[in-house]
Amino acid sequence: MLQTGRTYHRKREEIGHRSFPSASAALKEAALELAWPTRCAVCDAPGDLICDTCRRALRFYDPWLACATCGAPYGRLQCCACNSYTREKREQSQEPLYCQSAVLFDGTSGSLIRCYKDAGEQRLGALIANMMMRAPSPETWKNFDAISFIPSSEEALLRRGFDHMETIAEIITRAKGLPLLRAFQRPSTTDQRTLTQRERHANMESAFILRPQVAALGAPPRILLVDDVMTTGATLEAAAMALRNGGASSVQGLTFARVI
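Final position of the sequence shown in my numbering is 323; the numbers increase by one with none missing.
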């Protein structure tokens, strides 16, 4: 896996409505490319952040095969993720959150997200955001008043040096012309990756607290909530509940990858 640690941000000069790299930024980028040539985040082949072979290996999410209630892949005819039996086993009384995803989680997509948030390759943020934006239909984007995101914990922020989903949310809001809602205080919870399904839901109870200004003004009516990976849905559902309690009438999820 790529371990370059290139975390620079490209500076731009605004000329009219277009953006061009400055001479100094171009020279800096060229020097960095010589020192740390761009390699595929999945297979380490030189050339691009993701090579053509690995891009073709991604398993893209198909909304026409997904559950119309919760968005689970391949759940259109009979969903195993949001039926009453499954919800009872999870001890869930509320309706599941509808969530779309860009790709299904596997070794390829997992390498991309880990390289982005844990190996310091922040340039992958734009690639991941663009994939996510293609998941909802063009008409669906008209149904949102704001975009929010699952914030990194204080511990993760200190470890990584940036909030990976805040960066992606900023890219999406600029592209779609929607306001960015920084809705939550940073949670302090156990890392979800080590927990069982039931433990994940218990860990997320009361984990999300609205920032004082959001709680005072009230959340926008229709919110798109973005995160990196959906496993059991515990994180997104807890955050969505906090937004609904804060005044939102509709919350929909969007993630880069979804575990099946």
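Ideal Cβ positions, reconstructed from N, Cα and C, are used throughout, including at glycine.
- By the neighbour-count definition (other C-beta atoms within 10 Å, threshold 16), residue 158 is an exposed residue.
- Partner residues in the beta bridge of residue 162, as assigned by DSSP, are 316.
- Taking the C-beta atoms as reference points, residue 320 is found nearer than 8 Å to residue 168.
- The alpha-carbon of residue 183 is positioned some 13 Å away from that of residue 101.
- Bounds of any beta strand (DSSP E) do not take in residue 277; it lies within the alpha helix (DSSP H) bounded by 275–280.
- Per DSSP, the beta-bridge partners of residue 209 are 286.
- A distance below 8 Å separates the beta carbons of residue 195 and residue 165.
- Where residue 231 is concerned, the enclosing alpha helix (DSSP H) starts and stops at 227–239.
- Restricting attention to 276, 283, 317, 286, the CA atom closest to the CA of residue 292 is found in 317.
- Between the alpha carbons of residue 104 and residue 205 lies a distance of about 33 Å.
- Of the candidates 128, 275, 144, 126, the residue whose Cα lies closest to the Cα of residue 249 is 275.
- Counting along the chain, residue 139 sits inside no alpha helix (DSSP H), nor does DSSP assign it H or E at all.
- In this structure, 227 is the residue among 120, 227, 208 with its C-alpha nearest to the C-alpha of residue 176.
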